[in-house]
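Quick note on numbering that gives the first Met the number 0: the sequence shown kicks off at 0 and runs consecutively. This report concerns only the one structure given below.
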Amino acid sequence: MNSSSSPLVLGVTGQVGKLVAKNLRRSEANFTVGTRRKAKLEELADQFGASRFIDLDDPRTFDEALKGITGIFLLTGYTVDMLVQSKSLIDAAKRNGVKHIVHLGAFTRDHDGYAAHFAWHQMIEAYLRDSGVAWTNLHPNTFMQNFLSVWSVEDGVYSAYTSKALGFTALEDVAEAAAAILMEGPEKHSGKDYWFSADVLTPHQVAETLTAATGRKFTAAVRKAEGFQNDAAQPGSVFDPAFAKGGIELFGQVEDGRMAYLGSVLDDTKNLLGREPLLLRDWAKLHANELLEAAGS
């Protein structure tokens with residue numbers, strides 16, 4: 000990593016940004032983490048070396064947060080606000096001389112898919128490409144970590160919202176790759192799209208894989224796409240109504256074949272990191288205790 004490089008990592012109070020920051024810390028990179036939670040600034044500085052206040056809903060905070068910053072790991076929340084947040088941050092990045100933006104998007108292989116958050120990411124990527132700032136887009140398929148959070152596994156039953164096969168990627172792979180891209184910079188990665196979909200499994204194959212990895216019997220229950228909206232509307236959900244509606248669109252279009260490409264393998268982990276990606280069987284062994292806890296064991 001160039002000694003003059005100083006990326007800003009967003010989302011460190013969530014799973015993705017935290018893992019990116021941990022990988023950068025492990026590599027002894029010079030970087031800063033950003034948060035809107037002022038009470039967390041000191042704690043995050045102690046953990047990662049440097050922190051700055053930035054509120055994606057208030058562009059007035061951007062210029063101060065971006066002073067001396069050379070790159071940004073850009074990710075946003077699961078609401079339509081991501082459009083305004085990303086646009087205004089990209090504008091501020093250009094204004095402040097940021098050289099490289101690494102954007103965490105979605106597995107948008109086909110422009111004919113119209114699930115809401117896929118379309119939102121494509122619009123952000125189009126704006127980023129036109130911004131004049133060097134860019135790299137990351138396109139992860141379904142995160143395996145979803146089995147521990149938004150895709151509940153209760154009493155050993157995995158609830159799926161489509162009967163079709165889906166591609167899966169380990170958050171560990173995406174975060175390590177993002178850190179490597181931030182360290183290696185735009186000279187190597189500008190204008191590149193990288194894909195993360197290492198393992199393709201039907202719901203019943205998912206259940207069989209979790210069973211083999213944990214020794215606990217898992218089964219799959221295939222529900223209608225509308226079930227996602229019901230689950231997303233539960234108290235404490237991170238999803239807003241527009242995103243929940245997008246989930247119905249996503250799983251419905253996978254089921255009817257319009258977004259069948261979500262069930263494909265396309266993975267750049269080995270190209271970026273020089274190792275094979277984690278398959279679900281590998282990831283499930285690493286997280287066996289968490290899966291058993293989620294399953295009620």
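Virtual Cβ for every residue (Gly too), placed ideally from N, Cα, C. Keep in mind the model is a prediction, meaning the values are calculated, not measured.
Quiz item: Count the other CB atoms within 10 Å of the CB of SER266; is the residue buried (16 or more) or exposed (fewer)?
Solution: It is Asp, not Ser, that sits at residue 266 in the sequence shown. So ASP266 counts as buried.
Quiz prompt | Proximity to GLY76 [Cα-Cα], best of GLU63, THR168, HIS102 and LEU165 | solution = HIS102
Quiz item: Excluding the five sequence neighbours on either side, which residues of its own chain have a C-beta within less than 7 Å of the C-beta of ASN22, listed in chain order?
Solution: ALA174, GLU175 and ALA178
Practice problem: May I ask you to report which of helix, strand or coil DSSP gives ASN288? | Solution: helix
Quiz item: In chain order, what residues of the same chain have a beta carbon less than 7 Å from the beta carbon of LEU127, not counting five sequence neighbours either side?
Solution: ILE89, ILE100, HIS102 and TRP134
Exercise. May I ask you to verify whether the stretch 277-290 touches the stretch 200-220, counting CB pairs closer than 8 Å and requiring at least 3?
Key: yes
Quiz item: Whole beta strand (DSSP E) runs in the stretch 138-200 with 3 or more residues, listed along the chain?
Solution: 156-159, 165-168, 191-196 and 198-200
Practice problem: Output the distance between the C-alpha atoms of ASN136 and LEU55, rounded to the nearest integer angstrom. | Solution: 19 Å
Practice problem: Verify whether the separation of the beta carbon atoms of HIS138 and THR107 is less than 8 Å. | Solution: yes
Exercise. Select from LEU181, SER196 and GLY190 the residue whose C-alpha is nearest the C-alpha of ALA169.
Key: SER196
Exercise. Quick one: using the 10 Å Cβ neighbour count with 16 as the cut-off for buried, is HIS120 buried or exposed?
Key: buried
Quiz item: Can you name the residues that DSSP bridges to GLU134?
Solution: The residue you asked about is not Glu; residue 134 is Trp in the sequence shown. Answer is ILE100.
Quiz item: Ends of the beta strand (DSSP E) at VAL312?
Solution: Outside the displayed span of the chain (0 to 296) sits residue 312, for which this structure offers no information.
Quiz item: With distances taken between CB atoms, is the gap from LYS191 to VAL132 smaller than 8 Å?
Solution: no
Quiz item: Which class does SER50 belong to by DSSP, given the choice of helix, strand or coil?
Solution: strand
Exercise. Would you please state the rounded distance, in angstroms, between the beta carbons of VAL205 and GLY262? I believe it to be under 8 Å.
Key: The Cβ separation is near 12 Å, so there is no contact.
Quiz prompt | Option in THR218, GLY155, PHE47 and GLY166 with minimal Cα separation from ALA294 | solution = GLY155
Practice problem: Count the other CB atoms, across all protein chains shown, that sit within 10 Å of the CB of SER299; report buried if there are 16 or more and exposed otherwise. | Solution: Residue coverage of the chain in this structure runs from 0 to 296, which leaves residue 299 outside it and unanswerable.
Practice problem: Note down the Cα distance separating LEU65 from ASP57, rounded to an integer number of angstroms. | Solution: 14 Å
Practice problem: With DSSP as the reference, please indicate the residues paired to ALA219 in a beta bridge. | Solution: TYR157
Quiz item: Among the residues of its own chain, which have a CB less than 8 Å from the CB of ASP62, if the five just before and after it don't count?
Solution: ALA91, ARG94 and ASN95
Self-check item: Separation of ARG35 from VAL264, as counted between CA atoms
Solution: 36 Å
Quiz item: With distances taken between CB atoms, is the gap from PHE117 to ALA105 smaller than 8 Å?
Solution: yes
Self-check item: The alpha helix (DSSP H) enclosing LEU65, as first and last residue numbers
Solution: Segment: none, LEU65 is in no alpha helix (DSSP H) and carries neither H nor E.
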